[in-house]
Every structure is written in structure tokens, then in C-alpha cells.
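Residue numbers (the working numbering): -19 to 641.
Every residue, glycine too, gets a C-beta built ideally from N, C-alpha and C.
Scroll down for the structure; my scribbles are underneath it.
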Amino acid sequence: MTGPHRPFGRIPVTDVAPVVDGGNRPTKSVVGEEFDVTATVFREGHEAVNATVVLTDPAGAEHHLPMVRVNAGLDAWAATVCADRTGRWSFRVEGWSDPYGTWHHDAVIKIGAGVDVELMLEEGARVLERAVAEVSRPAEGAAVLEQAVKALRDNGSAKEDRLSAGVSADVRRELVERPLRDHVSASPGFPWLVERVRALYGAWYEFFPRSEGATFDETTGTWTSGTFATASRRLEAVAGMGFDVVYLTPVHPIGRVNRKGPNNTLHAGELDPGSPYAIGSADGGHDAVHPDLGTFADFDAFVAQARGLGLEVALDLALNCAPDHPWVTEHPEWFTTRADGSVAYAENPPKKYQDIYPLNFDNDPEGIYAEIRRVVLLWIGHGVTIFRVDNPHTKPVVFWERLIADVGAEHPDTIWLAEAFTRPPMMHNLAKAGFQQSYTYYAWRHGRAEIEEYCRELAGPAAAYMRPSFWPTTHDILTPFMQRGGVAAWKMRAALAATLVPTYGIYAGYELVENVARPGAEEQIDNEKYEYKDRRWDERGDATLAPYLRRINEIRRAHPSLHWLRNLRFHRADDDQVLVFSKARRVYDRDDVILVVANLDPVYTRDTWIHLTMPDLGLEWSDSFVAHDLVTGQHWNWGEHAFVRVGPDTEPVHVIHVQPY
């Protein structure tokens, strides 16, 4: 026995996409972002069939857009859609019998062959009369059809002229805009969440507030922590490099029990600051600021200065508790007690985090939920618009779905980034649960084939619900490639992160190519998680990668094609160490097209031929164009096949603006 099913409509409509989890969760986009709605629409026999996508905006108004048959043999239809405002939209596809299309097809054939001429002309007139009577249209549109009816019945004119009047461009245009539709059959409505642009596009810069302005006294061998006030002095440089978001690691009090020392050692000295991810002490928990950093008033001043420079503030939401966090004594039921009576600390074998107690979300889930919701709203009240969530995959997905929806109902502009380096199903379902953005495996994808495969996945069907954020390094990640690749690798990986996807991030110190790892670990030596770091920015000048990052961000801002994900297209190169891809976007009356050619080998310069799919650049196969390298300012004349030289001896990445002749 089979379960219930939805019957076919009179005109079958199937395979509607993009649909997430059968419509149980929304397809996502941002304001102005275009994507294709597709469907299979067909009918029996030989009569013409057509399709419309209907968008319902947050106010309930419907917008009808014609679909185009993109593959007649497979009855495949598509329409490009976008939304002009945020909110909860929906879309459906309507299939319908097209009486005018049927007549048009038959009339051209029959009248051309001299078969049933008068009958076909009269049937055309009646179809157009129905179109005037049954479909609301402006007076000028009705006049176009009425004039065609009169011409079709004009027995004094040649049959060719009468037919031409019935199939004129003006008539067809009017009936595309306001068609006569029979047997309209609708698919279900599917949810569509439209969010603000920052949910898809932005450049992030991460720093530890306590390091920005920290000083070391060589006489006493002691450090003085940076503060919100000293950290705010770094904001102008961050904004000057073209970043959109400044992301702060946790700013809360740090536990003293089991505090970690330098390089994750188990015994901290009296003056070691500990990991900011071991949250909570006698000074407070997640709803407090570390006294070394200042007060909430100081934090508010930091946020205000960031906003004045065009920066949003993202805060780390790390649901970790030090053993001396107030929750541990106030709510011991929120944690896991082991057989020996001890509280279980966090582990990710072989890693152990003795300074952190994880919450047990199965113990008093309502109490935990209410407290975390309170904490999130508190920080939103202090100007935080984005949360970078630490290890969300170690908490229940249902918790995040509820929290993000709950907070979003009151603060719809809030953005959540999932730091979930874990199995794909968890990453994908966190996105479906509401996270607007997700960390990815980019840091570990280095070969051309694996980059292309991974990015096709991200820019393909997954783009309907998951938005990737590419980070070449983080405070937790320093891959062997970055350890050994030198400056060329650091430039190349930043440029690729910034152009392959719309959102990418840089961890402070990237400008200095901090590439020395702690032995046995894929993270930096003297890791900033466990100690202060004075990078002496004032002494560096431009002898860093800061000018390069500034230029990459300038290019991103100037070229809207780099603000989207789903427009990524790959091209071929003879050398398998050379990656070639493009992004194109129509902006008003012109195409903005960026072509990127990158040498993935940081050691050797490569000479090779590249082979371009010209239609993906908005060009004919035989066209040529000016290739303007936006990094170096050089120009070349390129066509379908071009010879390139790219690598450490020149630049590791060409970011080309395609300029047709």
C-alpha cells in the first residue's frame, strides 16, 4: 500500500527547483541576487504548453514571470528571478495550455500550405477575442489585439497579410506579457527567504582584541593587555584595506581553573592570559566583558567607531564554559557528570580541552535555550549584527534552527556564520537550519581538480541554502601548503578566496605571512589563542601584504560579478597547475565580466595556453577582447585561446577585467 501523494494537475508540473528538503525549508537568496527557477512542464498531444513562475512577496502581492523552454526534448523550462526586498517570499510554477501558441504553430503551417485558410484565420481571431475579453490588460494592449482581430477577418486583404497581423511582434509581445492561459495547473508554493546582501557578500578581518595594543615590558617580562580602546585604533587600517566586517574572538572573562599556557600547555603561569574560548570566571560569563578589555561602554564606543568606518562587528559565540563559569555552580544540570563525579571536559580526540566544559543540551534544554537567547539579544543590543558561531556542529541542529528563527523574527538583519569543519551532512543541515554562511574545506583544497569539483558543488544546487566563506588560514588552521608556500602562496590563496566566492576572511597577521607552525600541529607556533601578540603594526608600513589585500578588496567592490556565487564558470588550461574561472553579471546595460587565471604552484612560474568558453564571457566564439589585469594594470589582446605566464616571477594570479572591443 502506498502513502498519500499529490496528483498531477491537468498540465503536469514536476521537478521544480531550487527546492530545499521538498519545500520544508526555504530556498535562500539576497536582495538583487538572480537565480534560475526551473521545472518540467508538459502535456499530452501536440497542443502548445507554456509555463509561468509566480513570485509572492512578503506583502502577499503576486508577480508573474514568463518561463522559457530551455530544452524542448526534455520539456525543461526556466526563468531568472530575483527579489527587490528582504523577507519571506514564496514561488510556484504554473503550467498551462497555450491556445494562442497552438494556433500560431498550426496557422503558419496550414496557411502557408493553403490548407483551411479561412478557418485558421477565423480561429485566430476568436483566440485573440478571448484574450481581450478574459485577461485584464491596458487599453493600448487591448487595442493591439483588437486591430489584429480586424485584420484577420479582412477578406479584402491577402491571406499572408492577414496572417502577419495575427502573428506580429506586437501581438506576440502583448501575449507574452499577459497571456491567455487555459487549464492552469500550479505546483505547490515553495518558501523563499530573501536576506540582506551581507548574508552573501563581504570581506571579513579577524583579530583578538586583547592583542591589538598589547605591550610587553622587557624589563619585567610582563604583558599589558590591549583594550577595546587600543583595538579601535586598528579599525582605520582594517577599513582602509577594504574589509566590510571586523570579527572579534570572544571578549568575555577567561577561566582560571585548568587555564592553558603558551602553545596549549597544561600549566599556565600566573600572568598567562589563557584561551578566550575558555569562557567564564568570577568576573562573569557570556554576558560580561573581560575587565582587561574595558567595560560595555568601551565596547559600545568600539562598535560606534567601526560603524563610522563602514565596518560591521561580528562577535564569536562560543558556547564553552570554563570550570569556574558562573553557570557551572548555578546550573550544574547543564553539564555532564561522569561516573567518578567529575564534570566532562571537551574533547575532539586526540585533542583535549581541559579548560572547557561543554553544555549538555539534553539536560534542561529549555533553560539552556532561554539563557543563550538572552545572551544573544544582549549583544545585539550592543550593536553586534553578526555572530561567528564556534563549533555549532557539537550542538543540536534543532537548537540552532529554533534560536536563529526566534532571534531573526525580532532582528531579521542578524547573520550567523557556522564554524563547522565537519562532515558534509552536518554542514549542509546547519545551513538549512538557518545559518547564513559556513566555513568550508577551502583551506585544504589545493589541486585544480579538487578546487573545481568543490566549487561546482558549492555554486551548484547547494547554493540554494548554503553560502560558503573561504578562509586561507584561521587562528586554528595553518596548512602545510601555507607553511611552505611563501609569499606567492599567501597572495594566491587570498586572491582565490576573494574571487571564487562572495564571502572570504583573513586572520590578522596574514599580511605578515605568519607561516611557522607548532610542531605536530596545523596551527601557528606561539598561537594567539594562548598568549598576546604584538605585531608592531606602526613599524610595518606597507612592507606587508596589506597593499595586496587592499587591491583585491578594491577589485571586489568595483565589480558586482564578484558579489555572487552561482555565476561561477570554469575554463580550461593545458597546465594542470593553472586554474581558470570567470564570473559575469549584467549591470544595467552592460556586462561586468571578471576572468581569473591563477598558478596553483607557489614555487615555479608557469607558461601555458588557456582555452576560454567565450559565451560564458558574454562573447561570440570568434570575438577577441582586451584583457586588463586589475592587479598589475597590464593589458593583453585575448581570444578563445590565449598564452599566459603566471607565477612568482610575475604575479601568482591575474584578475582580468574582460573588455570587449
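Per-residue burial, residue i [other beta carbons within 10 Å of its own, 16 or more giving buried]
i	result
Glu399	buried
Asp609	buried
His621	exposed
Gly521	exposed
Gln614	exposed
Thr60	exposed
Ile89	exposed
Val164	exposed
Ala423	buried
Thr459	buried
Val560	buried
Val95	exposed
Asp78	buried
Tyr227	buried
Gln639	exposed
Glu186	buried
His(-15)	exposed
Thr309	exposed
Phe315	buried
Val50	exposed
Trp601	exposed
Ala350	exposed
Gly643	Residue 643 lies beyond the range of the chain shown here (-19 to 641); nothing can be said about it.
Cβ neighbours of residue i in the same chain (closer than 7 Å, five flanking residues each side left out)
i	result
Trp618	Ser604, Phe605 and Ala607
Ser541	Asn547, Lys563, Ala564, Arg565, Asp572, Val573 and Ile574
Val115	Arg158 and Leu160
Val112	Ala122, Leu125 and Glu126
Trp359	Leu295
Asn646	Residue coverage of the chain in this structure runs from -19 to 641, which leaves residue 646 outside it and unanswerable.
Arg176	Val10, Val11, Thr66 and Asp393
Ala526	Met221 and Glu491
Glu109	Val129
Asn343	Glu313 and Trp314
Expected contact under 8 Å - CB spacing of residue i and residue j to nearest Å
i	j	result
Tyr510	Gly241	6 Å
Ala(-7)	Val10	It is Val, not Ala, that sits at residue -7 in the sequence shown. About 27 Å separates the two Cβ atoms, so there is no contact after all.
Asp224	Ala183	5 Å
Ala56	Thr18	7 Å
Val626	Thr585	7 Å
Glu508	Phe208	Contact doesn't hold; Cβ gap of about 17 Å is too wide.
His373	Met406	5 Å
Arg72	Leu173	Contact doesn't hold; Cβ gap of about 16 Å is too wide.
Cys62	Glu14	5 Å
Phe341	Phe379	6 Å
Ala475	Val633	4 Å
Val635	Ile535	6 Å
Same chain, Cβ closer than 8 Å to residue i, five either side skipped, listed in chain order
i	result
Tyr421	Phe401 and Tyr434
Arg549	Phe561, Ser562, Lys563, Ala564, Thr593 and Asp596
Arg318	Ala324
Trp470	Pro452, Met462, Tyr490, Val493, Asn495 and Leu525
Val577	Ala553, Val558, Leu559, Val560, Ile590, Val624, Val626, Val633, His634 and Ile636
Residues near residue i by beta carbon distance below 6 Å, same chain, minus five either side
i	result
His591	Arg552 and His621
Arg133	Ala105
Ala179	Val10, Ile395 and Gln416
Ala477	Phe450, Pro452 and Tyr484
Arg23	Ile(-9) and Val29
Ile486	Tyr185
Asp556	Arg428
His84	Val147
Checklist entry - How about the segment 119 to 136 and the segment 33 to 42: do they share at least three Cβ pairs that are nearer than 8 Å? => result No, the segment 119 to 136 is not in contact with the segment 33 to 42.
Checklist entry - What runs of the beta strand (DSSP E), each 3 residues or longer, lie entirely inside the segment 63 to 133? => result Taking 3 residues as the minimum length, the beta strand (DSSP E) runs contained wholly in the segment 63 to 133 are 67 to 77, in order along the chain.
Checklist entry - Should the segment 412 to 428 be regarded as contacting the segment 383 to 397, the criterion being three or more beta carbon pairs within less than 8 Å? => result Yes, they touch.
Item to check | Any 3 or more C-beta pairs closer than 8 Å across the segment 491 to 503 and the segment 159 to 171 | outcome: These segments do not touch.
Item to check | Stretch-stretch touch, CB-based, cutoff 8 Å, three pairs: the segment 188 to 202 with the segment 334 to 341 | outcome: Judged by Cβ distances under 8 Å, the segment 188 to 202 makes no contact with the segment 334 to 341, as fewer than three pairs qualify.
Checklist entry - For the segment 278 to 288 against the segment 308 to 326, are there 3 or more C-beta pairs whose distance is under 8 Å? => result No, because fewer than three Cβ pairs between the segment 278 to 288 and the segment 308 to 326 fall closer than 8 Å, the two stretches do not touch.
Next on the checklist: With three or more C-beta pairs closer than 8 Å as the rule, is the segment 215 to 223 touching the segment 255 to 271?
Outcome noted: Verdict: no, contact absent.
Next on the checklist: Below 8 Å, how does it come out for the segment 487 to 494 and the segment 437 to 447: are there three or more Cβ pairs, yes or no?
Outcome noted: The segment 437 to 447 and the segment 487 to 494 do not touch, with fewer than three beta-carbon pairs separated by less than 8 Å.
Item to check | alpha helix (DSSP H) runs wholly inside the segment 164 to 223, at least 4 long, in chain order | outcome: Counting only runs of 4 or more, we get 208 to 212 and 215 to 220.
Checklist entry - Would you call the segment 166 to 174 and the segment 249 to 257 touching, i.e. three or more CB-CB distances under 8 Å? => result Between the segment 166 to 174 and the segment 249 to 257 there are fewer than three inter-stretch CB-CB distances shorter than 8 Å, so the stretches are not counted as touching.
Checklist entry - Is the segment 199 to 213 touching the segment 457 to 465 in the sense that three or more CB pairs, one from each, lie closer than 8 Å? => result Contact fails: fewer than three Cβ-Cβ distances are below 8 Å.
Checklist entry - For the segment 276 to 334, which segments carrying the beta strand (DSSP E) assignment without a break, of at least 3 residues, lie completely within its bounds, in sequence order? => result The qualifying runs are 292 to 297, 326 to 328 and 331 to 333.
Next on the checklist: At 3 residues or longer, what runs of the beta strand (DSSP E) sit wholly inside the segment 367 to 436?
Outcome noted: Listed in chain order, the complete beta strand (DSSP E) runs (minimum 3 residues) inside the segment 367 to 436 are 395 to 399 and 417 to 419.
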